[in-house]
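Here the structure comes first, spelled out in structure tokens, and everything after it is commentary.
2 protein chains.
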Amino acid sequence: MSNKKLYRGSLSTIILKLLGDNGRMYGYEITQKVKALTAGELQITEGALYPALHKLEAEGHLKVEFEQVNNRMRKYYALTEDGTKEVANKLSEMEQFIQTMQQLLNPKTGLA
Amino acid sequence: MSNKKLYRGSLSTIILKLLGDNGRMYGYEITQKVKALTAGELQITEGALYPALHKLEAEGHLKVEFEQVNNRMRKYYALTEDGTKEVANKLSEMEQFIQTMQQLLNPKTGLA
DNA sequence: CAATATACCTAAGATTTTTAGGTAATGCTA
DNA sequence: TAGCATTACCTAAAAATCTTAGGTATATTG
């Protein structure tokens, strides 16, 4: 993935959307899901993911449940009520962003 | 503009594309052009623009010409040969990014 | 003549990410 | 069964990019 830089700022949007779709997920699961959904195109690093999860939790968008699976701890995240609203916000911001970029980058024809 | 964060990483793409379309531009002109093209949605700050221009120049993507207009200096930027290739790269990266985000964020229907 | 617009710039701080680790259990395979 | 990959969590230093908040100077407009 050579266009890593472009993903800057979109991580929390991705996390929130996945949790909206899947109910609850744990960190490692999110990294695998993103890799699968994008056919390996986007690999979320753990150094980015965990701080982002903690921040979303601190902001009140996510809540946490611990669960013991195979003698190993899992930390499940799910949307709070507030988080559910935030998903919609983030998605419409992303939509707006994409529209603006298309206005800027292909005034008439296709992007390329 | 509440979705400022999403623009992180896309500034150099915007600059390169505008220079590709317009031949040559000076910094202030770029800020005004972006504001006009996006109906005020995206306002490039000078604190972001000038460092970005200097970096693109240092990387060999842009070349500079000074010009005196109305007793005031203008610094015109234009693409180098290398910069012309970079425009294509950046645009296809942006295209790929948008596709990936759409895969992730609207698996079936529209984005919203 | 003061404020706004034009036109360039930098530096400190904030945010987000990469890079590069650390810990520990489970599963697979040579 | 030793060793390596995978699963699963985490942090901290550094890099990258941006905002904020200045600075300088000329031209235009009310």
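Here the protein sequences line up with chains D and W, keeping their order. Counting from 1, one number per residue, gives the positions in the first sequence under our numbering. Counting from 1, one number per residue, gives the positions in the second sequence under our numbering. Every residue gets a Cβ at the ideal spot worked out from N, C-alpha and C, and that includes glycine.
Residues that DSSP places opposite residue i in a beta bridge
{"i": "residue 66(D)", "result": "75(D)"}
Buried versus exposed call for residue i [16 or more other C-beta atoms within 10 Å across all chains shown]
{"i": "residue 45(D)", "result": "exposed"}
{"i": "residue 86(W)", "result": "buried"}
{"i": "residue 4(W)", "result": "exposed"}
{"i": "residue 66(D)", "result": "exposed"}
First and last residue of the uninterrupted beta strand (DSSP E) at residue i
{"i": "residue 26(D)", "result": "24-26"}
Cross-chain neighbours of residue i in chain D, by beta carbon under 9 Å
{"i": "residue 34(W)", "result": "104"}
Residue i, DSSP secondary structure in three states
{"i": "residue 51(D)", "result": "helix"}
{"i": "residue 99(D)", "result": "helix"}
{"i": "residue 39(W)", "result": "coil"}
{"i": "residue 115(D)", "result": "Missing from the structure shown is residue 115(D); chain D here goes from 1 to 112 and no further."}
{"i": "residue 30(D)", "result": "helix"}
{"i": "residue 9(D)", "result": "coil"}
{"i": "residue 60(D)", "result": "coil"}
{"i": "residue 14(D)", "result": "helix"}
{"i": "residue 84(W)", "result": "helix"}
Residue i: contacting residues in chain D (beta-carbon distance under 8 Å)
{"i": "residue 60(W)", "result": "Neighbours of residue 60(W) on chain D: none; closest Cβ ~18 Å, over 8 Å."}
{"i": "residue 100(W)", "result": "38, 41 and 42"}
Under 8 Å from the C-beta of residue i: neighbouring residues of chain W
{"i": "residue 17(D)", "result": "104 and 105"}
Under 7 Å from the C-beta of residue i: neighbouring residues of chain W
{"i": "residue 6(D)", "result": "9, 10, 93, 94 and 97"}
{"i": "residue 14(D)", "result": "104"}
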